[in-house]
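Enquirer: Take a look at the following structure, please.
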Amino acid sequence: MYRTVSQIDSATNLLSVLFPAVFHRVQLPEASVEGRPVYALRMRAGGGGDRRGVLVVGGTHARELMNPDAIIELAIDLLLAHLNETGITYGGRVWSADDIKVIVGALDIWLLPCMNPDGRNFVMTADDLWRKNRRVNAGTPCIGVDPNRNADIVWGVAQGQTSCSPCADTYCGPSAFSEPEARNVRYLLDTARMVSFVDVHSFSELVLFPWGHATTQSTDPTQRFTSLPTGTCTASIPSSYHEYMTPRDVQRFTTVSARIVNDIAAVRGRHYTAEPSINLYPTTGTQGDYAYSRHIADATKYKTYGFTFETGPNTGDTRESFHPADPTLIKRDAKAAILGLMQQSVCAIELINTSVSAVSKLATLRTARDELLATTAAGREWIALFERVQVPLISAVMSDAKLMQEAADLIGVATQRLASEASEFSAADAKRAVAVLKKLRKMTRIRAVQVDLDATADRIGKLSGKNMRRVIESLMSQRPGSVRKPAKGKKGKRPGRVIRKEKRR
Amino acid sequence: MAKQTRSADYPPNSSALRFEATLGPAPRAKALEVASALALDRLPDVDRKVRLLISPDDARKLLDRGYEVHLLAAYPVAPLRASLIFSDEAATDWLDKQLKSVAPKGER
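Structure (structure tokens):
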């Protein structure tokens, strides 16, 4: 069963009226083409100002009916889990009460369940395979702009599944952001600090990430979309063109997507595929690519990792694939995927730092991560290690006030030391860090996490007494678990694994 | 990029049809090219087939260009089946039922 637009609006209204401490409903600045109000729902628990945001958009393509309902139901699942202090179980995937506490306590969750209300209404009243919005295209007998081709990312380059023909189902519109529905999404990206974005579509069981207009490469930063001729509906992208993405972001997209795929598989065994969106078909002007592209086009914008989910399988029947008679199980998969993305959008360091009284400035840490560690393969492995251990450990840390303070103190020490490359990572610093890691190790039974923590403790123990420049260089050149080759002629145990110091870029 | 417009009766009226179709015997690259050139509505297909949702007019254009159009299914243009849409009462009842399980001392 599917909700009408007014039923979706009623649900968001009721949630915000009954639970004002958790939900805040926002009427977005632009009504739809046919004049319908468009609402977003912000969900959060507790206080705090500048939170990391996650924006979840549904109903972009009108006929993909399941996802607006799934988003509403996820909001209710999160509410109930938060208020009743329970976890959320979707089939075989369980998020504990502590997991939920962290997600709703750390993030601003922005839900835009029905981005294209006119289209949804048209599907329910006239044409159940309608895709676009309901724009009257002047000078033509044709209706509709594809809201997922209208964003300002390589807009107006008609290729693959993007068209400049007003009668096409993938019509990109007369100009970038010509459509109020698309401008509403841009508004949300402009007004909140979104670290993750997902546009939830159907069907094909995919987790997609940029790019859609070209294949991705990480070696030539000069190949950027900002230099492509766009906006004319006459330009094309040369086949020799491959869009640049930093190795760090390639890693982030692939690891986050892989974990989302695992989350979905744990529910009932459906195997989604994670891949760049061009693998589905070439596109321009999509919301997922736009969300991620913003920080590249304009350095003042925050980086938002943009995803597109394609929920549900191809059943062999188009109608049944877009809106199955019983979407219950697919919605459960979709909710697991969205929740998995939310969980991975929490930053343990940021959360710990804002949960204690003495707040450290994290810009120094971010700089070290993005401008140093992220530039070598070994450094990126340390980032990946941190990202994979934080998810299972953060809720345990948050429930232990003493450990939380110790972790916050360590963050403070790290920011102080990193502020000056000449400062020393002392034996006392190393001892404190290793003590925290040992406590964390006792909190988990996950063998892989224990191995990661051991590798970290081992490395930290070897870095004491070095200045911070040497510490960073060590992490940039030696992967977790690797052992530096002893100098020639020295006696010693043969290392288990030897790495070569990599050339820094 | 060729620009192609559908006939003036598109989107079709309530008695019209859409077809789910594939092209034959064109190789994939050729099928992709024609789908893009005619701005046809391409359906996702995990097997990487070029599956299309087309109007009768689109089918005619493809035939005129010499393609075999394999029609897999026909879908009359029609609103979503009423049985698939929540009644207002059912939607409200569902929500009420869910929210009844909120703990009495819940944060509101």
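Chains as they are written, first to last, in the working numbering: chain A, 104 to 608; chain B, 11 to 118.
Each residue gets a CB set at the ideal place from its N, CA and C atoms; glycine is no exception.
1. Can you name, in chain order, every residue of its own chain whose Cβ lies under 8 Å from the Cβ of B:L42, other than the five neighbours on each side?
2. Can you give me the Cβ contacts of B:R16 inside the same chain, cut-off strictly under 8 Å, excluding the 5 residues immediately before and after it?
3. Of all Cβ atoms in chain B, is any one closer than 9 Å to the Cβ of A:N251?
4. Please list the residues of the stretch 310-321 of chain A that have a C-beta atom closer than 7 Å to any C-beta atom in chain B, keeping them in chain order.
5. Could you please give me the residues that DSSP links to B:I64 through a beta bridge?
6. Quick one: Cα of B:A31 to Cα of A:R422, how far?
7. Could you tell me whether the stretch 556-565 of chain A touches the stretch 534-544 of chain A, where touching means 3 or more Cβ pairs closer than 8 Å?
8. Can you list the residues of chain A that B:Y77 reaches, using a CB-CB cut of under 9 Å?
9. Could you name the residues of the same chain whose beta carbon sits closer than 6 Å to that of A:E137, not counting the 5 residues immediately before and after it, in chain order?
10. Output the distance between the C-alpha atoms of B:A108 and A:R139, rounded to the nearest integer angstrom.
11. Is it buried or exposed, A:V205, if we count other Cβ atoms within 10 angstroms and call 16 or more buried?
12. Based on DSSP bridge pairs, tell me the residues matched to A:R145.
13. Express the C-alpha separation of A:M507 and A:A451 in angstroms, rounding to a whole number.
14. In chain B, which residues lie with their C-beta within 9 Å of the C-beta of A:T107?
15. If you drop the 5 nearest sequence neighbours on each side, which residues of the same chain put their C-beta closer than 6 Å to that of A:D180?
16. If you measure beta-carbon to beta-carbon, which residues of the stretch 29-41 of chain B are closer than 8 Å to chain A?
17. Give me the residue from A:R371, A:D323, A:L186 and A:T163 with the minimum Cα distance to A:R435.
18. I want to see whether chain A comes within less than 9 Å of B:D74, judged by CB atoms only; does it?
19. Need the endpoints of the beta strand (DSSP E) that A:M297 sits in, please.
20. Ends of the beta strand (DSSP E) at B:H80?
21. Suppose you measure from the CA of A:R223 to the CA of A:N365; what does that come to, to the nearest Å?
22. Considering only C-alpha positions, which residue in the set A:G515, A:M218, A:G584 and A:G150 is nearest to A:A558?
23. Pick helix, strand or coil for B:L90, following the three-state DSSP scheme.
24. With a threshold of 9 Å between beta-carbons, can A:R435 be considered close to chain B, or not?
25. Return no unless some Cβ of chain B is closer than 9 Å to the Cβ of A:T421.
26. Counting pairs of Cβ atoms below 8 Å between the stretch 341-356 of chain A and the stretch 473-493 of chain A, do you hit three or more?
27. According to the neighbour-count rule (16 or more other Cβ atoms, all chains shown, within 10 Å of its Cβ), is A:T273 buried or exposed?
28. Quick one, which of A:A517, A:S529, A:R469 and A:V459 has its alpha-carbon nearest A:V500's?
29. Check distances from the C-beta atoms of the stretch 259-293 of chain A to those of chain B and list, in chain order, the residues that come in under 8 Å.
30. Apart from the five residues just before and just after A:L496, which ones in its own chain have a Cβ nearer than 6 Å to its Cβ?
31. Check the Cβ of B:V87 against every Cβ in chain A and list those closer than 7 Å, keeping chain order.
32. Jot down the residue ranges of each uninterrupted alpha helix (DSSP H) in the stretch 377-433 of chain A, minimum 4 residues, whole runs only, in chain order.
33. What residues in the stretch 49-75 of chain B have a beta carbon less than 7 Å from any beta carbon of chain A?
34. Is B:W104 helix, strand or coil when you go by DSSP?
35. A:Q354: buried (16+ other C-beta within 10 angstroms of its C-beta) or exposed?
36. May I ask you to verify whether the stretch 307-322 of chain A touches the stretch 405-424 of chain A, counting CB pairs closer than 8 Å and requiring at least 3?
Expert: On the basis of the coordinates in this document:
1. V60
2. In this prediction, B:R16 scores a pLDDT of 40, lower than 50, which makes its location untrustworthy; the coordinate-derived value is nonetheless stated afterwards. So the list reads S65, D67 and D68, once near-sequence residues are dropped.
3. no
4. Only those residues of the stretch 310-321 of chain A whose C-beta falls short of 7 Å from the nearest C-beta of chain B would be listed, and there are none.
5. B:F29
6. 14 Å
7. yes
8. None at all; the shortest Cβ gap to chain A is about 18 Å.
9. Counting only Cβ-Cβ distances below 6 Å, and skipping sequence neighbours, we find D221 and R237.
10. It should be pointed out that residue 108 of chain B corresponds to Gln in this sequence rather than to Ala. Cα to Cα, the separation comes out at about 27 Å.
11. buried
12. A:H127 and A:W213
13. 10 Å
14. I95, F96, D98 and A101
15. The residues are I191.
16. E30
17. Minimum Cα-Cα distance from A:R435 among the listed residues A:R371, A:D323, A:L186 and A:T163 corresponds to A:R371.
18. no
19. From DSSP, the beta strand (DSSP E) with A:M297 extends over M297 to S305.
20. If you look at B:H80, you'll find it in the beta strand (DSSP E) that goes E78 to P86.
21. If you take the alpha carbons of A:R223 and A:N365, they lie about 31 Å apart.
22. A:G584
23. coil
24. no
25. yes
26. yes
27. buried
28. A:V459
29. A261, Q262, G263, Q264, S266, C267, S268, P269, C270, A271, D272, T273 and Y274
30. L543
31. D230
32. 390-400 and 421-425
33. A49, D51, R52, L53, P54, D55, V56 and L63
34. Helix.
35. buried
36. yes
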